[in-house]
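So the sequences go chain by chain: A and B.
In terms of the working numbering, the first sequence has 72 at position 72, counting the first letter as 1, and numbering is strictly consecutive.
In terms of the working numbering, the second sequence has 675 at position 273, counting the first letter as 1, and numbering is strictly consecutive.
Note that beta-carbon positions come from the ideal geometry of N, C-alpha and C, so glycine has one too.
2 protein chains.
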Amino acid sequence: MNEPVDYLQINLLGAAEQQRRLEKVRAGMRRDSIEHALVSSNANLYYLTGRVFRGYIYINVATGSTPLYFLRAPLHLRGEGVNTIGRPADIVPLLAETTCGAAGNVALELEGLSYANAMRLARVFGLEAPAADISPALRAARAVKTDAEIDMIRRSGLKQVLVYQRIPHCYQEGMSDIELQIEIERASRLEGCLGIFRCAGGEMEIYMGNVLTGANADTPSPYDFAMGGEGMSPSLPVGANGTIIKPGAPVMVDMNGNYTGYMTDMTRCYCVGTPGEEARRANALSADICRALAAMMIPGTEAKTLYAKAEEMVRLAGMNAWFMGHRSHAGFVGHGVGIEINELPVISPRSRDILAKGNVIAIEPKFVIPGTGAVGIENTYVVGDNGGVLLTDAPEQIAQLD
Amino acid sequence: MNEPVDYLQINLLGAAEQQRRLEKVRAGMRRDSIEHALVSSNANLYYLTGRVFRGYIYINVATGSTPLYFLRAPLHLRGEGVNTIGRPADIVPLLAETTCGAAGNVALELEGLSYANAMRLARVFGLEAPAADISPALRAARAVKTDAEIDMIRRSGLKQVLVYQRIPHCYQEGMSDIELQIEIERASRLEGCLGIFRCAGGEMEIYMGNVLTGANADTPSPYDFAMGGEGMSPSLPVGANGTIIKPGAPVMVDMNGNYTGYMTDMTRCYCVGTPGEEARRANALSADICRALAAMMIPGTEAKTLYAKAEEMVRLAGMNAWFMGHRSHAGFVGHGVGIEINELPVISPRSRDILAKGNVIAIEPKFVIPGTGAVGIENTYVVGDNGGVLLTDAPEQIAQLD
Chain A
1 MNEPVDYLQI NLLGAAEQQR RLEKVRAGMR RDSIEHALVS SNANLYYLTG RVFRGYIYIN
61 VATGSTPLYF LRAPLHLRGE GVNTIGRPAD IVPLLAETTC GAAGNVALEL EGLSYANAMR
121 LARVFGLEAP AADISPALRA ARAVKTDAEI DMIRRSGLKQ VLVYQRIPHC YQEGMSDIEL
181 QIEIERASRL EGCLGIFRCA GGEMEIYMGN VLTGANADTP SPYDFAMGGE GMSPSLPVGA
241 NGTIIKPGAP VMVDMNGNYT GYMTDMTRCY CVGTPGEEAR RANALSADIC RALAAMMIPG
301 TEAKTLYAKA EEMVRLAGMN AWFMGHRSHA GFVGHGVGIE INELPVISPR SRDILAKGNV
361 IAIEPKFVIP GTGAVGIENT YVVGDNGGVL LTDAPEQIAQ LD
Chain B
403 MNEPVDYLQI NLLGAAEQQR RLEKVRAGMR RDSIEHALVS SNANLYYLTG RVFRGYIYIN
463 VATGSTPLYF LRAPLHLRGE GVNTIGRPAD IVPLLAETTC GAAGNVALEL EGLSYANAMR
523 LARVFGLEAP AADISPALRA ARAVKTDAEI DMIRRSGLKQ VLVYQRIPHC YQEGMSDIEL
583 QIEIERASRL EGCLGIFRCA GGEMEIYMGN VLTGANADTP SPYDFAMGGE GMSPSLPVGA
643 NGTIIKPGAP VMVDMNGNYT GYMTDMTRCY CVGTPGEEAR RANALSADIC RALAAMMIPG
703 TEAKTLYAKA EEMVRLAGMN AWFMGHRSHA GFVGHGVGIE INELPVISPR SRDILAKGNV
763 IAIEPKFVIP GTGAVGIENT YVVGDNGGVL LTDAPEQIAQ LD
């Protein structure tokens with residue numbers, strides 16, 4: 001902890017933390033019969049080294065083996081295993097020197113690399129097609145956070161809570177949803193929010209998050225986020241659309257919590273004046289569901305039982321029609337979060353995920369009530385031995401904006 | 403122009419404009435012997451329909467044929483050719499009904515789809531691997547903008563110029579680079595900037611742009627942008643790093659110009675007090691290079707000759723060592739821009755691109771001067787019959803911040 005950090009070391013995690021993460025990846029590699037792999041997506045480079053660089057990291061399934069780095073840009077980084085390459089083909093002779101030499105069956109990130117790039121890389125190794133996919137092993141490893149990762153997420157949560165406390169000060173009478181959002185963006189950025197919102201898969205796009213009020217909440221979005229919104233342009237059809245914030249209408253704020261490269265995900269509702277009875281009831285139910293699901297976050301629990309519990313509570317309250325949308329319904333009530341916003345486990349009816357200690361899960365039971373708008377909260381929890389531990393600890397009732 | 407827009411029509415472009423774009427894509431399909439294709443990336447959906455939706459657009463090489471749409475989410479969109487599907491496999495029987503039935507050799511976006519997704523989609527059509535790549539045809543079509551697209555880019559340019567005029571008002575004494583950037587972000591957003599910064603390929607990540615001052619400009623970044631910077635976190639190592647803005651030190655501002663789904667790219671330099679002689683000389687040279695390259699933007703010109711011209715001007719001025727970086731040099735001086743920041747043509751020494759009327763090109767001759775920092779401007783031009791027409795028309799000298 002007290003060693004000075006050498007920022008030019010390729011591995012910013014320290015040897016022990018990196019091996020901890022690699023051992024988890026290796027468990028997946030053994031399960032998938034993968035001997036070795038080449039990783040190059042920014043999210044996974046960050047996971048394995050604590051930094052984004054331009055190049056590749058080579059990992060071997062052998063326990064304790066040291067990764068190799070192939071840097072494509074002269075970044076002046078150093079450390080054991082660092083090589084500089086001009087093009088991907090340079091990896092092959094370098095690998096042959098340092099390892100067994102049989103690089104042919106190397107696994108690639110087939111969920112992250114484009115088809116064209118995966119084929120180019122496979123051909124470099126003399127293959128007609130990629131030999132195996134390292135993505136599932138990485139995805140599974142990243143679902144179970146180490147203590148160091150949980151610490152990063154906890155730090156993001158503390159910052160996000162600070163910013164959310166300032167939201168009423170961001171409001172001025174007559175503002176639209178987007179105007180309020182812009183002030184929250186500024187407050188977030190001044191608190192250290194990195195702004196970038198990493199989503200795995202390339203289909204989901206969002207800028208800094210979502211502020212929804214009024215009927216706009218009921219506009220379906222093409223993206224697989226819990227809530228929709230028309231957005232400000234058909235080129236980015238999600239979120240705020242310029243609706244003026246009206247007295248009595250809830251304003252749902254779900255903004256970017258990426259302060260450390262790891263994010264928390266948090267939603268709270270606000271209102272000018274007093275929200276209606278229905279909105280308050282839905283918001284209280286949302287908070288109750290969060291609490292109930294957090295209590296169920298015991299290692300070994302099936303993720304789908306959390307969804308079932310949420311659905312049951314909603315049914316008993318008679319709010320099914322509004323749950324996770326109204327004109328269009330999201331198919332989940334929670335999701336893993338970390339470097340990206342859509343990590344494992346998924347809390348959905350057909351999820352096959354089993355909760356494990358160290359999962360970090362955002363729970364977002366939200367309602368879209370016709371005539372009222374979007375209501376509900378979202379919290380991020382880390383799964384511990386005795387249930388979920390809250391990382392976004394802030395008042396949950398609908399807060400007054402004015 | 404005066405028809406009311408039906409926002410639930412899948413095609414927001416109008417039939418004529420869509421056919422205009424499709425004809426350009428078809429030229430590439432014929433060149434690549436592609437009969438038909440399925441397109442699903444957000445950038446290309448936006449190009450072909452004027453909106454992002456969740457699903458696929460099917461296009462046939464036959465001139466004037468109508469595209470088919472396969473929507474994966476119930477977005478309540480309508481129009482000729484709209485189908486709703488539950489999963490990709492549902493496309494096959496629907497295609498068989500409406501077209502020749504021989505869907506087997508359908509081309510996919512192999513530069514955009516992940517390997518895993520491309521293989522899943524290929525299998526849906528009974529293929530062992532994707533039959534062909536529609537990405538080059540789309541990339542080539544998108545490089546030559548239609549008048550409607552140029553109008554969108556022009557509108558972004560007008561907004562971006564307005565925001566840049568306000569930058570001196572964003573500055574307060576003692577600010578750091580990131581603090582100034584946050585105020586510019588806010589000013590941009592209030593002017594209608596959509597925030598999202600689309601880059602093709604998945605390797606490049608940036609939030610809202612880049613503000614560089616002092617020695618930070620000389621920190622290499624792993625991303626393929628013209629300028630580097632350490633950034634605020636090793637998870638996003640580019641741009642501002644918290645350097646305090648000092649009197650006499652240039653501040654280079656290169657912020658997001660996406661106001662319409664289409665972007666301009668624009669850079670200007672600012673300074674507290676008076677910049678040094680060297681900085682002023684480099685900035686004036688940058689503006690001269692922009693002007694010289696714009697004059698060369700005649701349809702039929704080889705893109706690489708523009709790079710050669712820039713290099714020659716830099717050499718004659720004795721500024722080679724600082725051109726496009728100092729410790730690390732970017733390998734280009736300009737690039738196409740539109741829906742994404744890295745479109746064709748590329749203005750680099752080995753580019754094989756030939757300029758065409760309707761290309762929209764950002765030219766960014768920039769210098770990193772040791773002891774001074776980053777200096778230079780960037781303008782966006784549309785290639786016309788008589789040379790490049792400026793879309794980011796604003797004063798080019800180093801502007802005073804205070």
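For residue i and residue j, which I take to be in contact (beta-carbon distance under 8 Å), what is that distance rounded to the nearest angstrom?
i	j	result
B/T451	B/L415	6 Å
B/G604	A/S348	Actually they are not in contact, since the Cβ atoms of B/G604 and A/S348 sit about 26 Å apart, beyond 8 Å.
A/D385	A/P299	7 Å
A/T267	A/S156	Not a contact, Cβ separation roughly 15 Å.
A/G338	A/E149	7 Å
A/Y72	A/R51	Checking the displayed sequence, the identity of residue 72 of chain A turns out to be Arg instead of Tyr. A/R72 to A/R51, Cβ: 14 Å. No contact.
A/V211	A/L180	6 Å
A/I10	A/L77	5 Å
B/N643	B/G778	At roughly 19 Å, the Cβ-Cβ gap does not stay under 8 Å, so B/N643 and B/G778 are not in contact.
B/I536	B/L510	6 Å
Output, in chain order, the set of chain A residues within a Cβ distance shorter than 8 Å of residue i.
i	result
B/V463	Result: empty, since nearest Cβ-Cβ is about 21 Å, beyond 8 Å.
B/A531	A129
B/P772	Within 8 Å Cβ-Cβ: nothing; B/P772 doesn't reach chain A, min ~15 Å.
Within 7 Å of any Cβ in chain A, is that where the Cβ of residue i sits?
i	result
B/A550	no
B/Y517	yes
B/P490	no
B/E607	yes
B/Y448	yes
Answer with yes or no whether the minimum CB distance from residue i to chain B is below 7 Å.
i	result
A/I196	yes
A/F111	Checking the displayed sequence, the identity of residue 111 of chain A turns out to be Glu instead of Phe. For A/E111, the answer is yes, since a Cβ of chain B falls inside 7 Å of its Cβ.
A/V52	yes
A/Y307	no
A/P136	no
A/G261	yes
A/P222	yes
A/A215	no
A/A73	yes
A/Q19	no
Apply the 10 Å Cβ neighbour rule to residue i and answer buried if 16 or more other Cβ atoms are within range, or exposed otherwise.
i	result
A/S221	buried
A/A15	exposed
A/R30	exposed
A/Q172	exposed
A/T372	buried
A/T98	exposed
B/H571	exposed
A/N320	exposed
B/P772	exposed
Can you list the residues of chain A that residue i reaches, using a CB-CB cut of under 9 Å?
i	result
B/D535	Y115, A116
B/G810	Lying before the first or after the last residue shown, residue 810 of chain B is absent from chain B, which here runs from 403 to 804.
Kindly list, in the order they appear in chain B, the residues whose Cβ is closer than 8 Å to that of residue i.
i	result
A/L190	E581, I584
A/S176	Ordered by position in chain B, no residue passes the 8 Å Cβ test against A/S176, which lies about 11 Å from the chain.
Which chain B residues sit within Cβ distance under 9 Å of residue i?
i	result
A/E185	I584, E587, R588, R591, G597
A/S348	Chain B residues near A/S348: none, gap ~16 Å exceeds 9 Å.
A/S33	Near A/S33 there are no residues of chain B at all, since even the closest Cβ is about 17 Å away, more than 9 Å.
Using a C-beta to C-beta distance shorter than 7 Å, which residues of chain A count as neighbours of residue i?
i	result
B/L414	P234
B/S558	None at all; the shortest Cβ gap to chain A is about 11 Å.
B/R467	Residue 467 of chain B is actually Ser in this sequence, not Arg. Going along chain A, no residue has its Cβ under 7 Å from B/S467, so there is no contact; the nearest lies around 24 Å.
Along chain B, which residues have their Cβ under 7 Å away from the Cβ of residue i?
i	result
A/G28	Those do not exist, as A/G28 stays about 16 Å from chain B at its closest Cβ, beyond 7 Å.
A/P237	R453, V454
A/M208	G597
In chain order, what are the residue ranges of uninterrupted beta strand (DSSP E) at least 3 long that sit wholly in the stretch 298-372 of chain A? 334-336, 343-347, 360-363, 366-369
Runs of beta strand (DSSP E) lying entirely within the stretch 585-667 of chain B, each at least 3 residues, in chain order: 611-615, 652-660
Ignoring anything shorter than 4 residues, give me the alpha helix (DSSP H) runs that lie fully in the stretch 22-75 of chain A, in order along the chain. Within the stretch 22-75 of chain A, the complete alpha helix (DSSP H) runs of at least 4 residues are 42-49.
Continuous alpha helix (DSSP H) assignments of at least 4 residues falling wholly in the stretch 668-703 of chain B: 679-697
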